[in-house]
Amino acid sequence: MDCDAFYASVEKRDNPELNGKPVIIGGGRRGVVSTACYVARIRGVRSAMPMFQALKLCPEAVIIKPRMDAYVEASRAIRAMMEELTPSIEPLSLDEAFLDMTGTARLHGAPPAVMLAGLVRRMKDELGLTGSIGLSHNKFLAKVASDLDKPHGFSVIGAAETDDFLRDKPVKLIWGVGAVTQGALDKAGIRTFADLLRWEKTDLVARFGGMGERLWHLARGQDRRRVSAHEPVKSISKETTFFEDTGNADILDGHLWRLSEQVADRAKAKDLAGRIVTLKIKRSDFKTLTRRVSLHDPTQLADRIYRHARALFDQLGDQGPFRLIGCGISDLSPAEGADLAGDLLDPDAVKRSQAERATDQIRDRYGSKAIVKGRALR
28 MDCDAFYASV EKRDNPELNG KPVIIGGGRR GVVSTACYVA RIRGVRSAMP
78 MFQALKLCPE AVIIKPRMDA YVEASRAIRA MMEELTPSIE PLSLDEAFLD
128 MTGTARLHGA PPAVMLAGLV RRMKDELGLT GSIGLSHNKF LAKVASDLDK
178 PHGFSVIGAA ETDDFLRDKP VKLIWGVGAV TQGALDKAGI RTFADLLRWE
228 KTDLVARFGG MGERLWHLAR GQDRRRVSAH EPVKSISKET TFFEDTGNAD
278 ILDGHLWRLS EQVADRAKAK DLAGRIVTLK IKRSDFKTLT RRVSLHDPTQ
328 LADRIYRHAR ALFDQLGDQG PFRLIGCGIS DLSPAEGADL AGDLLDPDAV
378 KRSQAERATD QIRDRYGSKA IVKGRALR
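If you want our numbering, it's the 1-based position in the sequence shown plus 27.
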């Protein structure tokens, strides 16, 4: 189930004066589009599009800053409705989830299609929101089906019709095939599922690695992934877009430290640590640069995250000004045993680790602003 233009739909529900108007949810001219309503989409506005570009396409759009509290509240209400149908729910985001309806017909006395139609009807009647349903025998095809008839659509792809349905469809339908992968597939002459079917599995693997095997199975409508109610966190990251492009070292350093603290706070809250630190930078020409480094032992400390991210930044050289900076950790594991090895090349690392733990205790007792580092004020 995929809600239709969720953030924008919540805003229109709560403010009927917006009905019929192009609405864009985002963070001002320097940010990107979070969600665009269908009126704005007709004008070419898309999610993740730079805001200035969206406003060129649709200058009369109403720009609204995200109200996450309202979206979370609506999402929880929808989730409660889903849980009346099945306990096996895998949320992908606030507005999208997989539901495993296996065995529910006997429980509810009605087939899954009837129950799912009732779900979107309740969403419309009780919450004033619409969603699109994709029903099939695996996650890949269900996702494809949910996008076929938006908004407020209901599409079914049966097992017997899978091959005929997929054959002439573009491979960009595959969830996770972005511009880079699409470019590689184009170079190989693979544009449709029929093109994929002509390749042997060994050749696809040799050309595309692990992705090649996945493509071979998906070309045949095969997806063995189960609906997982507790999908593990794979990474923790934070980023910020500047109001104006900047190459100022102090400003960039201050932002990088604050982002490192936010990543560390989330890692500590989830009792996780990461072995890979990643830096993300977007230049003024919108080119994104990503750099990462593997650590000897996992970390959840802001100081270590910051120092490694800062080292990665320094390696980039003079490529500014920049419009965005971000950092994160991945290759996550339970935090037990993290940050114990220290750094033989940095004898003060243990002291800084102890200082950060002490800082955490003070903030837990007196609040997050009770103590801050000087670099956070830059």
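For every residue, glycine included, the Cβ atom is placed at its ideal position computed from N, Cα and C.
Query	Result
So what's His282 in DSSP terms, helix, strand or just coil?	helix
How about the segment 67-87 and the segment 102-120: do they share at least three Cβ pairs that are nearer than 8 Å?	no
Out of Asp152, Asp358, Phe313, which has the shortest C-alpha to C-alpha gap to Met76?	Phe313
Can you check whether the CB of Leu299 is closer than 8 Å to the CB of Tyr333?	no
Kindly indicate which residue of His135, Asp41, Leu245 has the alpha-carbon position closest to the one of Arg94.	Asp41
By the 10 Å Cβ neighbour count, where 16 or more other Cβ atoms means buried, how is Asp190 classified, buried or exposed?	exposed
Going by other Cβ atoms of all chains shown within 10 Å of its Cβ, with 16 needed for buried, is Asp31 buried or exposed?	buried
What's the C-alpha gap between Leu371 and Thr129?	Low confidence applies here, because Leu371 scores a pLDDT of 48, under 50, leaving its location unreliable and the question unanswered by this model.
For Leu121, collect the residues of the same chain with a Cβ closer than 7 Å to its Cβ; drop the 5 residues on either side in sequence, then sort them by chain order.	Phe33, Tyr98, Val99, Ser102
Rounded to whole angstroms, what is the Cα-Cα separation between Gly236 and Ile91?	42 Å
Residues in the same chain with beta-carbon distance under 6 Å from Val66, minus the five sequence neighbours each way, listed in chain order, please.	Pro49
Please list the segments of the alpha helix (DSSP H) lying wholly inside the segment 193-232, counting only runs of 4 or more residues, in order along the chain.	206-214, 220-224
Are at least three pairs of beta-carbons, each pair with one atom in the segment 340-349 and one in the segment 284-297, less than 8 Å apart?	no
Would you check if the distance between the CB atom of Ile303 and the CB atom of Leu316 is smaller than 8 Å?	no
Could you check if Glu383 is buried or exposed, using at least 16 other CB atoms within 10 Å of its CB as the buried criterion?	buried
Taking the straight line between their C-alpha atoms, what separation do you get for Ile352 and Phe79?	19 Å
Based on Cα-Cα distance, which residue from Asp341, Leu143, Ile160, Gly158 lies nearest to Asp277?	Asp341
Just to confirm before moving on: does the CB-CB distance between Leu193 and Ser182 stay below 8 Å?	no
Using a 10 Å radius around the Cβ and a threshold of 16 neighbouring Cβ atoms, would you call Gly344 buried or exposed?	exposed
So which of Arg149, Leu112, Leu146 has the shortest CA-CA distance to Arg133?	Leu112
Determine whether the Cβ of Arg94 lies closer than 8 Å to any Cβ atom of chain D.	In the displayed structure, chain D is absent; only one protein chain is listed.
Checking the sheet assignment: what are the DSSP bridge partners for Lys170?	None; Lys170 has no bridge partner.
When DSSP labels each residue in this structure, what does Ser102 get in the three-state scheme?	helix
Quick one, which of Val320, Ser159, Gln249 has its alpha-carbon nearest Thr305's?	Val320
Using 8 Å for Cβ pairs, my map puts Gly210 next to Lys265. What's the rounded Cβ distance?	Not confirmed; about 29 Å, so no contact.
Where Ser36 and Met109 are concerned, what is the direct C-alpha to C-alpha distance, given to the nearest angstrom?	19 Å
Ordered along the chain, which non-local residues of its own chain (more than five positions away) have a Cβ less than 7 Å from that of Leu223?	Val198, Ile217, Leu242, Ala246
Could you say which of Arg70, Ala215, Glu38, Met238 lies nearest to Thr157 if we only look at CA atoms?	Glu38
Could you tell me the boundaries of the beta strand (DSSP E) in which Arg350 lies?	349-361
Between Ser159 and Pro178, is the Cβ-Cβ spacing less than 8 Å?	yes
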